[in-house]
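Peer 1: Under the UniProt record's numbering, the letters of the sequence shown match residues 1 to 78, in that order.
We put the beta carbon where it would ideally sit given N, CA and C, even for glycine.
Please read all numbers here as calculations on a predicted model, not as lab measurements.
Quick one: this structure, given as structure tokens, is what I'll be asking you about.
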Amino acid sequence: MAVTLDAQLLDILACPSPDHAPLRPGTPEDPAADALTCTACGRVFPVRDGIPVLLLDEATPPTRPEPDSPDEASSDGA
């Protein structure tokens, strides 16, 4: 079921992390999921019974893979 939050509410909601970035509906894997994703840190916050749960302890960590250190790779040939 897709998140159906009021557009005005979605405009004022922000991630509770120090970044305070805007949230977007869904998850990176499922844009129709009952969740909100931080546009900066990538944390996914659940939406339960139409209510966003914006607690860092309840958030799913970002699913971004850790990149290899680009600094080490570029300094080898320098």
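#1: Could you tell me the distance, in whole angstroms, from the CA atom of residue 7 to the CA atom of residue 43?
#2: Let me know if residue 37 comes out buried or exposed under the rule of 16 or more other beta-carbons within 10 Å of its beta-carbon.
#3: Which value, in whole angstroms, describes the spacing of the CA atoms of residue 58 and residue 50?
#4: In three-state terms, what does DSSP make of residue 21?
#5: Hey, how far is the Cα of residue 61 from the Cα of residue 27?
#6: Helix, strand or coil: how does DSSP classify residue 59 here?
#7: What is the DSSP secondary structure of residue 9, reduced to helix, strand or coil?
Peer 2: In brief:
#1: Looking up residue 7 in the sequence shown gives position 7. Looking up residue 43 in the sequence shown gives position 43. Annotation: residue 7 to residue 43 spans about 20 Å, alpha carbon to alpha carbon.
#2: What you label residue 37 is simply residue 37 of the sequence shown in a count that begins at 1. Residue 37 comes out buried.
#3: Taking the first residue of the sequence shown as 1, we reach residue 58 at position 58. Taking the first residue of the sequence shown as 1, we reach residue 50 at position 50. Rounded to the nearest angstrom, the two C-alpha atoms are 16 Å apart.
#4: Taking the sequence shown and counting its residues from 1, one reaches residue 21 at position 21. Residue 21 falls in the coil class under three-state DSSP.
#5: Walking along the sequence shown from the start, residue 61 turns up at place 61. Walking along the sequence shown from the start, residue 27 turns up at place 27. The C-alpha of residue 61 lies about 11 Å from the C-alpha of residue 27.
#6: Within the sequence shown, residue 59 is the residue found at index 59, counting from 1. Residue 59: coil per DSSP, three-state reduction.
#7: Numbered from 1 along the sequence shown, position 9 holds the residue referred to as residue 9. For residue 9, the secondary structure class from DSSP, reduced to helix, strand or coil, is helix.
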